[in-house]
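Notes follow once the structure below has been shown.
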Amino acid sequence: HIEDRIMLKLNEALKARKATFGDDIIKLWDELKTARSPAGLLMSKIRQMEDGTFIGKVEPTKDVKRLTEKYRLDEDARTKLADFVSKRPRTAKEDVAEIERR
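Next comes the structure, spelled out in structure tokens:
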């Protein structure tokens, strides 16, 4: 059960993110599935949304898709890799090359 005050805060945060609403909900749902403390996780994600650092579900790049197929990564690992690469757009190519090198 999530407290009403948290749901209201989430609602307000999502209202400000209309352009990414669908991807945000998918990302939240994926992370809440395995959360030990769903309320704590939601508060953390709300803060990230307010700070502008939250990134919803991202479509993996061609390089990331190639890596996930090459190493047969499970869904959790695919999501984490796509998130990591999307947060580092300036070094994404080098990051993928470094992962392949190791």
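With my numbering as the guide, the letters of the sequence shown map in order to residues 33 to 134. Built from N, CA and C at the ideal position, the CB exists for glycine as well.
request  = At 4 residues or longer, and completely inside the stretch 75–132: list those alpha helix (DSSP H) runs for me, N to C.
outcome  = DSSP assignment within the stretch 75–132 yields the following whole alpha helix (DSSP H) runs of 4 residues or more, N-terminal first: 94–102 and 107–118.
task = Run the CB neighbour count on G54, radius 10 Å, all protein chains shown included, and call it buried at 16 or more, exposed below.
result = When all chains shown are included, G54 counts as exposed.
query = Going by alpha carbons, who is nearest to L60 out of K97, V90 and K119?
reply = With distances taken between Cα atoms, L60 lies closest to V90.
query = Where does the unbroken alpha helix (DSSP H) through A67 begin, and where does it stop?
reply = Unbroken run through A67: none, as it is neither H nor E.
ask   = In this structure, does DSSP put I34 in helix, strand or coil?
value = coil
request  = Identify, in the order they occur along the chain, each residue of the same chain with its Cβ nearer than 8 Å to the Cβ of K125, setting aside the five sequence neighbours on each side.
outcome  = D95
task = Evaluate contact between the stretch 118–133 and the stretch 95–107, counting only Cβ atoms and requiring at least three cross-stretch pairs below 8 Å.
result = yes
ask   = To which residues of the same chain is M75 closer than 7 Å at the C-beta, ignoring the five residues directly before and after it?
value = Cβ contact annotation for M75 (same chain, cutoff 7 Å, sequence separation greater than five): I38, in chain order.
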